[in-house]
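Here the structure comes first, spelled out in structure tokens, and everything after it is commentary.
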Amino acid sequence: MKPEKLLGDFNRRDFFRLAGGAAVGTAAAGVTLKGISTLSHALTVDRRPPRGPERWVATTCQACAGGCGLMIRMIGKRAVKVVGNSNHPINRGGVCPKGQGLLQALYHPDRLRQPLWQSKKGSGRWEPISWDQAVERVADRLLSLRKAGREKQVAVLDGARASVSTSLWRQFLGAIGSPNYFPYPGVQDGPSLAAHYMMGAKAAPAYDLKKASYVLSFGVNLLEGWGSPAYAAHVFGSWRAMEGQRTKFVQISPRLSITAAKADEWVPIRPGTEAALALGIAHVIISERRFNEPFVSEQTFGFDEWTDAAGRKHTGFSTAVLRDYPPNLAADVTGVPVETILRLGREFAANPPALALGDQPGNIQPGTLNGSMAVLSLNALVGNFEQPGGVLTQEENLPATSAGKTASARIDSGISATASLQTVQSAFKGEFSDRLADAVLNEKTSPLELLIIREANPAYMSSDPERFSAALARIPLVVNFASLPDDTTEQSDLLLPVPTFLETQDLCENAPVFPHAIVGLTQAVVPPRFSSRSSSDVLLDIVKRMGSPIDQALRYDNFEQVLQLRSKEIYAAQRGNLFGSSLEEVWDKLLERGGWWSPEYSTAEELWEQMKTKGGWWDFTYPYGLREGVFQTPSRKFEFFSQIRWNECLAKAGRNSNAAGLSNAERLCLPHYAATVSGDDAALKAGSDGQFPLSLYLFEVLPLSETQGADLPYMQQILGQHLYQKWDSWIEIHPETAHRLGIEDGSWAWVETPNHKFRIRARWYEGLRPEVVAIPVGLGHHGGSRWSRGRGVNPCEVLAKGKSDSMESSGNQSPWIKTRVRIFPG
Amino acid sequence: MSHHSLNSPGQAGLKSFFRSRYFFLGLVVFFIGGMFTLSRWVVSSGPQPIQFNHSKHKEAGLNCTDCHSGALDQAEAGLPQMSVCLGCHEAPLTQSKEEEKIRTLAAAGNELAWIQVTRLPQDVYFSHRRHARLAHLECSVCHGGIGESIRPPVRPAVTFSMSRCLDCHQKMHAYTNCYGCHR
Amino acid sequence: MARWGMVIDLAKCSGCQACVVACAAENNVPCASPEEAGRGRTLAWIKIVPFIEGEFPHVKMRLLPLPCQHCDNPPCIKVCPVDATNITPDGIVRQIFGRCIGCRYCTNACPYTVRVFNWKAPEWPEGMEEAQNPDVSLRPKGVVEKCTFCVHRLQKAKEVAASQNRPLADGEYIPACVETCPTQAMYFGDLEDPKSKVKEMSRSPRVFRLLEELGAQPKVFYLAEGEWSGKS
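In the order they appear, the protein sequences are chains F, Z and E.
Counting in the numbering used here, the first sequence tops out at residue 829, every number present.
Counting in the numbering used here, the second sequence tops out at residue 457, every number present.
Counting in the numbering used here, the third sequence tops out at residue 234, every number present.
Listed below in structure tokens is the structure:
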């Protein structure tokens with residue numbers, strides 16, 4: 004078409020047509036552009052999490068009691084990686100798998116988002132309420148209880164590790180007049196009670212593990228969550244560093260755990276017979292006169308026969324051991340060959356400093372009192388106390404905060420709990436939940452009106468979940484501070500979302516097993532997610548609302564003020580220093596200054612600010628030596644025969660106790676092995692013909708230590724790597740036993756106890772005594788997040804019932820070791 | 275066919291108006307022309323929190339790294355946080371409403387929700403430190419004239435492409451292997 | 003040119019698997035769902051391999067941390083039809099995800115079974131993507147991935163050292179597994195540097211390499227668990 008042809012007859016009408024087209028075209032272009040622009044914004048929205056500058060924040064881990072120092076890598080406002088603080092005296096830069104999994108807890112999709120209220124516990128009909136309403140409900144209930152004079156019916160169950168926030172809660176209970184502060188899962192276990200009876204110690208003993216030459220562990224899961232896992236791992240690494248003498252590590256346990264596998268020697272033992280083995284070893288040391296004679300004669304009490312003030316003759320430890328525990332007898336009971344017992348005794352005595360640890364198997368299993376006393380007496384035979392490589396006392400903490408001592412278990416308010424609640428307060432690890440249920444259900448009316456649960460999940464550890472929820476149902480108000488749903492949150496009235504420790508500030512004090520005074524700063528690495536609030540801040544709100552006189556006792560504007568006050572107290576103690584580059588360097592500096600205390604800070608404010616970058620403060624010195632007050636027993640010596648316990652028995656028995664009762668008491672005060680009355684030993688030896696021929700052994704694995712970890716996929720993926728087990732429970736059976744019972748490896752099996760029956764995946768495992776089967780603890784949650792709920796089985800529920808007095812008389816009564824099962828293909 | 279007979283003459287006229295080749299010509303030419311000319315106005319405003327003017331800040335003597343502080347020492351140059359803006363704008367410097375917005379947002383405790391316009395695919399590892407600090411490249415080598423913009427940019431002033439990266443890498447004898455940049 | 007290598011002291015390793023979790027967190031390795039895990043599709047760039055030997059009571063269990071061995075003569079790169087995997091001049095065996103066609107020849111050729119295949123697109127539970135490391139890409143469905151010795155950390159460490167006008171120091175570049183190891187059982191560094199710790203450890207009389215007879219020349223050295231020899 005030629006142009007003249009095209010425009011030749013271009014007329015006015017055509018011009019309007021062109022103009023119309025131009026107008027529509029321009030408009031269409033505008034609309035299209037806008038559309039494309041909007042669309043491209045919508046399409047190019049970066050679905051990647053936002054980037055930003057990188058920085059590092061020092062904090063203290065509270066995933067367990069270990070107290071490791073962490074550095075969190077931040078990208079903008081996001082926490083993206085956990086790294087160890089290489090200057091931290093506990094973990095020295097290492098981080099355990101639980102620490103590495105922390106960010107999954109922080110960014111967990113099932114985090115509790117707002118305060119919730121349910122009018123009937125367990126109904127699941129949660130009604131969102133505001134923080135103001137929540138604070139009001141708790142404060143009003145507290146006020147009305149105080150008004151009615153029933154403040155002693157308030158209790159706080161605290162699952163948080165020792166910190167300034169725990170001391171604030173204790174201070175609060177003191178202020179309202181309640182003695183019921185319950186640390187969870189219970190502070191007491193075999194070793195700490197044994198240390199109480201034999202050394203007069205007030206806290207669990209610490210151990211100078213690193214410098215020990217020989218370590219005899221009676222079932223302690225040293226590498227799977229015991230004490231401070233990263234510290235234990237660091238110590239283990241130093242034993243194997245091939246610098247100088249290599250420390251020998253012997254693991255005595257019924258199952259080849261990871262700890263046993265990594266030990267220099269594994270001694271398979273019948274469950275619950277640790278005391279007999281320890282005393283068999285003691286027999287070797289005493290009969291061959293390999294014990295530390297100067298220590299035994301000067302620093303111990305009750306080794307030989309003695310007569311008390313009342314003229315009563317008491318058997319000496321040596322006499323009792325030589326009489327009752329010859330190695331052949333110990334071998335019969337324990338299943339450990341005589342020659343092994345002889346060799347262990349000789350090695351233990353010949354490799355000073357030699358340490359005996361035990362007999363609590365993990366964080367929640369308490370061990371037994373008699374076993375722990377027997378183990379502790381081995382340390383006494385070689386005189387390994389208060390010296391490098393020995394048993395230490397947790398060095399006396401810093402001067403107590405105004406908020407009360409954080410390390411001691413009982414509140415010092417001068418008020419005593421009711422008898423039933425006292426049994427809860429002195430509960431042993433793992434037995435707390437059942438004791439709480441007993442206390443609440445065994446009385447006509449509940450001894451508790453208000454139970455505040457802080458970051459604890461007692462329902463999981465209950466041997467009878469239904470009974471436990473019945474107990475909680477009897478308590479009129481159960482307030483639960485939690486960040487993730489769990490078995491207990493469902494049984495609460497008021498559910499208050501708390502941040503994880505990565506979103507809160509706190510000062511963590513001391514660490515289990517670690518002998519030095521140490522304070523680690525926990526910082527809010529990210530702001531609290533959702534509408535969660537730290538329980539300490541909520542508590543201060545409650546206090547403000549309660550008004551006088553409670554708000555006079557806790558006169559703080561906010562929790563940070565409490566923390567700063569604490570840092571002033573640390574400053575005032577005039578000791579210790581910030582975390583430095585290495586212990587050796589710190590030590591050199593100290594020597595340079597001629598031992599004078601000369602820290603890197605000159606004011607309390609400077610200390611507080613510096614803690615934020617260094618991560619914390621510690622006292623790197625330890626006063627080795629048998630100084631005054633190490634043994635706080637009546638004799639001021641280590642007591643093979645516990646006079647503290649003797650006095651308790653006398654008080655219990657009354658004045659006119661008979662001879663039989665006293666001779667039993669006599670037995671209880673000396674380390675002993677309590678042969679079971681039920682004839683379990685006989686059944687074990689006879690080749691298991693009984694109705695329930697197998698012994699159930701529960702073990703803790705590091706990814707689920709303290710029964711926490713099932714919520715995190717990272718942990719579920721590494722549960723039982725030795726058998727490639729993940730995401731589910733399993734039962735370990737010796738292949739011979741399994742073969743006899745017709746159970747294939749990897750097949751389903753039924754496990755039956757007198758009261759329970761459940762189905763579980765069976766795995767053959769050579770690392771197990773043939774008469775023992777083993778299940779890991781930590782799965783089988785009835786409530787919880789998407790990954791923990793209903794996954795696997797909770798073996799705590801099938802433990803043999805009975806009076807939970809395992810610590811009182813005979814160790815073999817502990818449900819942890821007396822439960823028997825039978826198994827058939829499922 | 276009865277519908278045809280119902281068509282009014284007026285309707286027929288309108289029909290011929292839209293069917294005319296002149297209308298079509300106008301539509302096409304102005305649509306295409308409009309796409310080019312209108313783009314400056316229609317797509318000028320992105321959803322940035324502040325109508326930010328790079329040019330003004332440059333005139334005031336600021337360097338890129340004064341606000342994009344990671345450009346020399348981090349992988350990520352970063353977008354200025356509220357605290358950086360308040361460093362100068364805590365008190366009013368101008369009469370600008372946009373400037374006032376910063377303080378309003380800050381008073382409400384909000385951060386500046388900048389939208390990052392220069393983005394690389396997620397499998398590319400790019401480090402500002404390497405290019406700006408170590409290779410001493412000027413920002414404009416990659417970012418072009420973004421510093422001259424008077425409105426908040428909605429897209430990079432220069433299109434980023436792998437061939438553009440490679441051209442420069444070849445010219446400067448920097449590495450050209452895959453894993454140098456791809457993670 | 004550096005030659006990066008690793009020494010793992012099996013006597014010090016406590017089998018805790020912190021390395022496994024640290025690696026997944028550092029490298030954006032997604033968690034497989036329980037169902038996927040049941041089909042053996044868990045992704046891991048380092049894993050603990052158990053070896054249980056003997057019969058009760060004489061049972062020995064060895065736990066072997068197994069990352070990519072970064073062979074000097076890697077069998078995997080020889081079979082890749084698209085050159086999606088190769089070895090850098092400083093000895094790191096790399097995977098180029100954009101090129102990988104998912105044929106899995108390399109996974110089969112690797113005698114150490116350290117290469118894993120993405121059976122599905124990576125998924126992060128809502129919220130958990132916040133913890134993603136911006137330095138490591140997410141791998142799409144259908145490609146093979148493996149340990150990179152955290153090479154992004156090398157890039158960063160080199161840049162930091164260069165920007166401070168100094169050479170890279172020993173220990174400045176370490177992968178996430180080595181960094182987290184609570185027993186300090188892992189050593190990492192330049193095998194060409196005669197003064198490096200890793201060089202010193204790799205000369206230990208306890209040293210061995212896995213399947214050495216295959217000639218792949220791995221750069222991960224293991225130190226055998228020694229025995230206690232007491233004075234008693």
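Where a beta carbon is used, it is the ideal one built from N, C-alpha and C, also for glycine.
None of these values were measured; they are calculated from a predicted model.
- Proximity of the segment 79-94 of chain E to the segment 223-231 of chain E falls short of the contact definition, fewer than three beta-carbon pairs being nearer than 8 Å.
- Interface criterion not met: the Cβ of Gln711 (chain F) is under 7 Å from no Cβ in chain E.
- Among the residues of the segment 370-401 of chain F, none has a Cβ less than 7 Å away from any Cβ of chain Z.
- Going by C-alpha positions, Lys214 (chain F) is about 10 Å away from Gln248 (chain F).
- By the Cβ criterion, the segment 149-164 of chain E is in contact with the segment 172-179 of chain E, since at least three pairs of Cβ atoms, one from each stretch, lie closer than 8 Å.
- When the beta-carbon positions are compared, Arg243 (chain F) and Lys14 (chain E) come within less than 7 Å of each other.
- Closest in alpha carbon position to Pro369 (chain F), among F:Thr396, F:Asp509 and F:Gly275, is F:Gly275.
- By alpha-carbon distance to Ala198 (chain F), the top candidate from F:Gly361, F:Lys150, F:Thr322 and F:Thr62 is F:Gly361.
- A distance below 6 Å between beta-carbons, with the five flanking residues on each side excluded, links Ala668 (chain F) to the following residues of its chain, in chain order: Cys652.
- At a cut-off of 7 Å, the C-beta of Cys439 (chain Z) has no neighbouring C-beta in chain E.
- With respect to Val85 (chain F), Val98 (chain F) sits close: the two C-beta atoms are nearer than 7 Å.
- Taking a Cβ-Cβ threshold of 8 Å, none of the residues of chain E is close to Leu347 (chain F); the smallest such distance is about 10 Å.
- Ser750 (chain F) and Gly829 (chain F) have their C-alpha atoms roughly 8 Å apart.
- Within the model, the alpha-carbon separation for Ala68 (chain F) versus Pro515 (chain F) is close to 7 Å.
- Per DSSP, reduced to three states, the secondary structure at Phe484 (chain F) is strand.
- Comparing alpha carbon positions, the residue from F:Arg438, F:Thr421 and F:Gly433 closest to Val427 (chain F) is F:Arg438.
- The bridge partners DSSP lists for Val146 (chain E) are E:Phe119.
- Residues of the segment 83-101 of chain F that bring their beta carbon within less than 7 Å of a beta carbon in chain Z are absent altogether.
- Closer than 9 Å at the C-beta level to chain E, one finds these residues of the segment 337-368 of chain Z: Leu346, Asp347, Ala349 and Glu350.
- When Cβ-Cβ separations below 7 Å define contact, His154 (chain E) makes contact with chain Z.
- As DSSP reads the structure, Asn183 (chain F) sits in a beta bridge with F:Ala158.
- Considering only beta carbons, the part of the segment 299-311 of chain Z lying closer than 9 Å to chain F consists of Leu299, Gly300, Leu301, Val302, Val303, Phe304, Phe305, Ile306, Gly307, Gly308, Met309, Phe310 and Thr311, in chain order.
- Distances from the CA of Arg766 (chain F) to each of F:Lys729, F:Thr756 and F:Thr503 were compared; the closest alpha carbon is that of F:Lys729.
- Scanning the segment 500-569 of chain F from its first residue to its last, the whole alpha helix (DSSP H) runs of 4-plus residues come out as 538-549 and 553-556.
- When DSSP states are grouped into helix, strand and coil, Ala209 (chain F) belongs to the strand group.
- Glu37 (chain E) and Leu510 (chain F) have their C-alpha atoms some 41 Å from each other.
- DSSP places Gly619 (chain F) in the strand class (E or B) of the three-state scheme.
- Straight-line spacing of the CA atoms in Lys265 (chain F) and Val253 (chain F) works out to 9 Å.
- For Phe326 (chain Z), not one C-beta of chain F is nearer than 7 Å to its own C-beta.
- Interface annotation, Ile98 (chain E): in contact with chain Z, CB-CB separation under 7 Å.
- At least one CB of chain F lies nearer than 7 Å to the CB of Gly17 (chain E).
- Boundaries of the alpha helix (DSSP H) around Ser204 (chain E): Lys199 to Ser204.
- When only Cα atoms are considered, Lys316 (chain F) and Ser380 (chain F) end up about 21 Å apart.
- Annotation for Leu156 (chain E): the continuous alpha helix (DSSP H) segment containing it runs Val153 to Ser165.
- If you look at Thr343 (chain F), you'll find it in the alpha helix (DSSP H) that goes Val341 to Ala353.
- Beta-bridge partners of Lys49 (chain E) (DSSP): E:Leu68.
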